[in-house]
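Reading through the structure tokens given below for one structure.
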Amino acid sequence: MKLFTYAKAGATAESAIQEAAGKKGAYYIAGGTNIIDLMKDDVVVPDHLVDITALNCNQIEKIAGGGVKIGAMLSNSDLANDPYIRATYPVLSRAILSGASAQLRNMASVGGNLMQRTRCSYFYDVAGDCNKRKPGSGCPAIEGYNRMHSILGASNKCISAHPSDMCVALAALDATVHLAGPAGERKVKLLDFHKLPGNTPEIENVLAPHELIVSVDLPPTPAAFGKNWCYLKVRDRASYAFALVSAAACLELEGGKIKSARLALGGVAPKPWRAADVEKMMVGKPADEKTFKAAAEAVMKSAKGYEHNKFKIELGKRTIVRALKVAAGGVA
Ligand SMILES: Cc1cc2nc3c(=O)[nH]c(=O)nc-3n(C[C@H](O)[C@H](O)[C@H](O)COP(=O)(O)OP(=O)(O)OC[C@H]3O[C@@H](n4cnc5c(N)ncnc54)[C@H](O)[C@@H]3O)c2cc1C
168 MKLFTYAKAG ATAESAIQEA AGKKGAYYIA GGTNIIDLMK DDVVVPDHLV DITALNCNQI
228 EKIAGGGVKI GAMLSNSDLA NDPYIRATYP VLSRAILSGA SAQLRNMASV GGNLMQRTRC
288 SYFYDVAGDC NKRKPGSGCP AIEGYNRMHS ILGASNKCIS AHPSDMCVAL AALDATVHLA
348 GPAGERKVKL LDFHKLPGNT PEIENVLAPH ELIVSVDLPP TPAAFGKNWC YLKVRDRASY
408 AFALVSAAAC LELEGGKIKS ARLALGGVAP KPWRAADVEK MMVGKPADEK TFKAAAEAVM
468 KSAKGYEHNK FKIELGKRTI VRALKVAAGG VA
């Protein structure tokens, strides 16, 4: 491992930004559950680590007029287990609890979860090529072992998948990410925060150098989303495994018909995948198998499978149908 310097930022975002600004190769470290692994494998080689664990953005605050502000340093466990989140945004709580392990969730932060890197094995293998790690070197996953990879939104430069569960629920819930950096503060929709690979898979999100995620806001949602929701994660093991396919579904029903719908997918794309067009397509239709099957077909219409992950297209359809059915049935 290459030597690096370390500094602990104070309670404010400004102190963290000051500590990182102007320093080439400076990285923030929050829970350390991803960046330390990447450092051990030489995938990420920081010159300077800025520890942000003392930042005072580790609470959930209710926003006047509805919604909540979630501090970036709040642990995944504290967010998932918060009584208000469980009651009002249960799809988020369940998504988080379906990820990693209790110990990891205790350490992992909200900001770190948004920033976690892909689990593509070629990305982790520094002896080989990877356009994300070494731009222009190639994507061995396209012709290689691609079972966990993307079927939507990939490019001929990168087919890795985004691994987060939490972000799938945040995508469905229309979250907004608050950033602070050397150039000031700004807000970005979660759906615009992560970038598709296109020709530049090394650019994974819209963060400018040394910009810090400060919080994530959730707007108020229809009360029905506290009852008619589902987060379904299909994976190789019952726990402690990344998603092959996951779906976050929330429905608002009126007289057996769909008044509004949210649908986002994980494990299938390089970023949390919101099916906004398909949500609109479902509005006014009966909340039944025919509608849900048509929705699943529409989401997967543009899907492209590779040698080892073609199965995800059918699996994705079935996951969507089941998640929508469970959401329609309602959780007591
Ligand atoms: C074995 C294992 C299994 C896992 N399984 C799952 C799973 O099933 N589902 C799932 O969703 N996740 C899973 N995870 C991933 C886990 O959720 C992430 O590692 C965690 O969320 C990262 O948070 P952290 O605070 O530890 O980030 P760190 O490791 O500290 O940082 C990760 C990255 O984020 C950057 N960063 C951190 N905070 C900020 C901030 N506020 N602003 C800007 N940049 C920031 C860091 O610079 C770094 O680049 C798993 C992890 C492991 C190790």
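In this text, residue positions in the sequence shown follow the numbering used here: the first is 168, and each later residue adds one. Ideal Cβ positions, reconstructed from N, Cα and C, are used throughout, including at glycine.
Of the other Cβ atoms in all chains shown, fewer than 16 fall within 10 Å of the Cβ of E310; this residue is therefore exposed. For Y195, the uninterrupted beta strand (DSSP E) run begins and ends at A193 to I196, by DSSP.
Note: G232 is not bridge-paired with any residue in the DSSP secondary-structure output. Not a single heavy atom of ligand 1 lies less than 6 Å from the C-beta of I309. Between the C-alpha atoms of A431 and H475 there is a straight-line separation of about 23 Å. Here the alpha carbon of S469 sits roughly 46 Å from the alpha carbon of K175. Burial is judged here by how many other beta carbons sit within 10 angstroms of a residue's own beta carbon; F290 has at least 16 and is buried. The alpha-carbon of V258 is positioned some 6 Å away from that of Y398. Within the region 417-445, the runs of beta strand (DSSP E) that reach at least 3 residues and sit entirely inside it are, in chain order, 424-433. Measuring C-alpha to C-alpha distances from K190 to each of N372, Y473, D214 and A490 identifies D214 as the nearest. Looking at the backbone, the Cα of N243 and that of V401 are separated by about 20 Å. The C-beta distance from L363 to L337 rounds to 17 Å, too long to meet the 8 Å contact threshold.
Judged by DSSP in its simplified three-state form, Y173 adopts strand. Of all alpha-carbon atoms in L340, F392, A390 and A193, the one lying nearest the alpha-carbon of P439 is that of L340. If you draw a straight line from the Cα of L170 to the Cα of D218, it comes to about 16 Å.
Look at G198: its beta carbon is less than 6 Å from one of the heavy atoms in ligand 1. At least one heavy atom of ligand 1 is found less than 6 Å from the C-beta of L271.
Nearest Cα to Q270 within the set D245, Y473, A465 and V212: D245.
When the five nearest sequence neighbours on each side are left out, the beta carbons in the same chain lying within less than 7 Å of the beta carbon of A342 are those of L357, V383, D384 and L385, in order along the chain. Collapsing the DSSP output to three states places Y398 in a strand. Taking all protein chains shown into account, E181 has fewer than 16 neighbouring C-beta atoms within 10 Å of its C-beta and is therefore exposed. Shortest Cα-Cα distance from S413 to any of M333, K229 and P389 involves M333. Here DSSP, grouped into helix, strand and coil, assigns T343 to strand. Assignment of beta-bridge partners to L385 by DSSP yields V235. The residue among A267, L241 and V235 with its C-alpha nearest the C-alpha of I252 is V235. Between the alpha carbons of W396 and L420 lies a distance of about 11 Å. Residue pairing for V493: DSSP places it in no beta bridge. Listed in chain order, the beta strand (DSSP E) runs fully inside the region 202-283 are 215-218, 227-229 and 235-238, counting runs of at least 3 residues.
Going by DSSP, E456 is part of the alpha helix (DSSP H) stretching over E456 to V466.
Between the alpha carbons of V373 and A350 lies a distance of about 14 Å. Straight-line measurement puts the Cα of F478 at about 20 Å from the Cα of P307.
According to DSSP, residue pairing for E352 in a beta bridge involves A347.
For V488, the secondary structure class from DSSP, reduced to helix, strand or coil, is helix.
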